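Below is one structure; the comments refer to it alone.
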Amino acid sequence: MKVLRHATAIGLALAGAPALGERLPFDGGERASTPSLATDPARGLVLTWQTRDDAGAALRYALLDANGRELRRGVVAQGSDWFVNWADFPSLVVLDNNDWVTYWLQKSAPDTYAYDLRVTRSTNGGGRWSEPLTPHDDATPTEHGFATLLAAGGARVQLLWLDGRHSLGAATDHAAGHTDEEGPMSLRGAVLDWHDRILEPAELDARSCSCCQTDAARIGKRTLVVYRDRSDAQVRDIALVERDAKGIWSSPQIVHADGWKVTACPVNGPAIAANGKTALIAWPTLADGPMSIRYVVREGGTNSPMRELEVGTEVSGRVDASAAANGGFAVSWLSAGKTGGVLKLATLDAGGKLLQVRDVAALEPGRSTGHPRLMWYRGAHYLTWTESTGAGNTRIAIERIAP
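If you read the sequence shown in numbering that gives the first Met the number 0, its first letter stands for residue 0, the second for the next number, and so on.
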């Protein structure tokens, strides 16, 4: 197994790293959490997040300009029967026709992990939202989440999610807060068209990890989807399925044979980003002892040798990836320093060569940080995450980092 390590390069990069990025002023309200980012070429940077109060939860959005100035904000939806979770949370995608599509998670039964995806569309940049629909038709009181939305041409959106219909009636050892495993989960997909019709429903993998994030990217007319697989022997390595220009899905293939065998879901999925004809796939693993942040560059259906960004007992994972300058990529992840958690950002060139690693922010350890999200927009990196403000309250943090 060919492995390229960046330990020396990381040390040199940190030694000469610039100051932390610019913290953008943003008030998402009390008990604000689960932020995510999307880019609208015609309007700006779109931030979504959830808030909670005694009456329930709400999904909100704000439109920001290239300087991080808030242009406007609004409420997508709100309800008293939502599932709000640090690891499984909404995102928004801007389609090729500039429609916005987003979703939330709504309980379908009293069981903790019985919830459905509820998908909605705005054709005017958040001014009005369509009646929500559910892309899965199994009607089982099971888990449907960890979704990814991807523009699929025109007004079409590719939906991908983890689906628990096969777990109905199975024994569960799903611990509170998405930390352990339940019955068999599957990876499923469907396409939502302009008329909000659900097209091309498909089961892409009949056995996946139950609570690790999914991600997807588009290269030309091909769609690449990454997720954490689950073999019969409880090996949970990162897998990829690909949809070609004719709409045919490939069989699952392992991105790299880490051989991580674990009986419970680690709640630590992969990320993928595309830039031109190349994609970068990043993921965390404990296969060889301490946590490792690994990645490959994929071009023309072939993966580069696996490389590592950081290895150590202090590494937490929760990766995200985005495009970057000059055809390159960026990867973010959580680690730890002398006084607590650290959010890190690595930049790489188009071939996957490490250019720089920076400590972006000091964070509290644990779930209160949520899953930081990374976006490249008009020549800068944007990172957003959840911060604790004490007494059970949280707020949204956004930072802009120059290349």
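No residue lacks a Cβ here, since even glycine has one placed at the ideal position from N, Cα and C.
These figures come from a predicted structure and were not determined experimentally.
Item                                                                                                                              : Value
C-beta atoms of Val45 and Leu58 nearer than 9 Å                                                                                   : no
Residues bridged to Arg51 (per DSSP)                                                                                              : Ala56
Gln233: first and last residue of the uninterrupted beta strand (DSSP E) it sits in                                               : Gln233 -> no beta strand (DSSP E), and no H or E assigned at all.
Nonlocal neighbours in the same chain, by C-beta distance under 8 Å from Gly43, ignoring five residues either side                : Leu62, Leu63, Asp64, Ala65 and Leu70
Reduced DSSP secondary structure (H/G/I, E/B, other) of Ala361                                                                    : strand
Stretch-stretch touch, CB-based, cutoff 8 Å, three pairs: the region 372-386 with the region 24-37                                : yes
Contacts around Asp98, its chain only, beta-carbon distance under 7 Å, and the 5 residues preceding and following it disregarded  : Arg120, Ser121, Thr122 and Ala154
Beta carbon of Gly327 nearer than 9 Å to that of Leu354                                                                           : yes
Exposure label - Leu333; buried when at least 16 CB within 10 Å                                                                   : buried
Where the beta strand (DSSP E) containing Gln105 begins and where it ends                                                         : Trp99 to Lys106
Nonlocal neighbours in the same chain, by C-beta distance under 8 Å from Val190, ignoring five residues either side               : Ala151, Arg155, Val156, Gln157, Leu158, Ile197, Leu198 and Glu199
Simplified DSSP state of Ser166, which is helix, strand or coil                                                                   : helix
Outcome for Gly10 when other beta-carbon atoms lying within 10 angstroms are tallied against a minimum of 16                      : Confidence in Gly10 is poor, its pLDDT being 38 and thus under 50, which makes the residue's placement unreliable; the coordinate value appears in the next sentence. It is exposed - the Cβ of Gly10 has fewer than 16 other Cβ atoms within 10 Å.
Asn274 - partner residues in DSSP beta bridges                                                                                    : Thr277
Top-ranked residue by Cα proximity to Arg127, from Pro269, Thr50, Tyr60 and Ala273                                                : Tyr60
Where Arg167 falls, given that 16 or more other Cβ within 10 Å makes a residue buried                                             : Checking the sequence, you will find Leu at residue 167 rather than Arg. Under this definition Leu167 is an exposed residue.
Ile218: first and last residue of the uninterrupted beta strand (DSSP E) it sits in                                               : Asp214 to Ile218
Three-way DSSP call (helix, strand, coil) for Ala401 in this model                                                                : coil
Contacts around Val295, its chain only, beta-carbon distance under 8 Å, and the 5 residues preceding and following it disregarded : Val254, His255, Leu279, Ile280, Asn302, Ser303, Pro304, Met305, Arg306 and Gly351
Own chain, CB closer than 7 Å to Lys276, minus 5 neighbours either side, in chain order                                           : Ile218 and Glu298
Beta-carbon proximity check, Ala270 vs Gly20, cutoff 9 Å                                                                          : no
Leu342 and Leu382 closer than 9 Å at C-beta                                                                                       : yes
Neighbour-count burial assignment, Glu398, 16 or more Cβ in a 10 Å radius                                                         : buried
Whole-angstrom distance between Cys210 and Phe25, CA atom to CA atom                                                              : 30 Å
Member of Val318, Ala273 and Ala335 whose CA lies at the smallest distance from the CA of Asn406                                  : Outside the modelled stretch of the chain, which goes from 0 to 402, sits residue 406, for which no answer is possible.
For His380 and Ala323, the rounded distance between their alpha carbons                                                           : 8 Å
Rounded separation between Ala56 and Gly78 - CA only                                                                              : 6 Å
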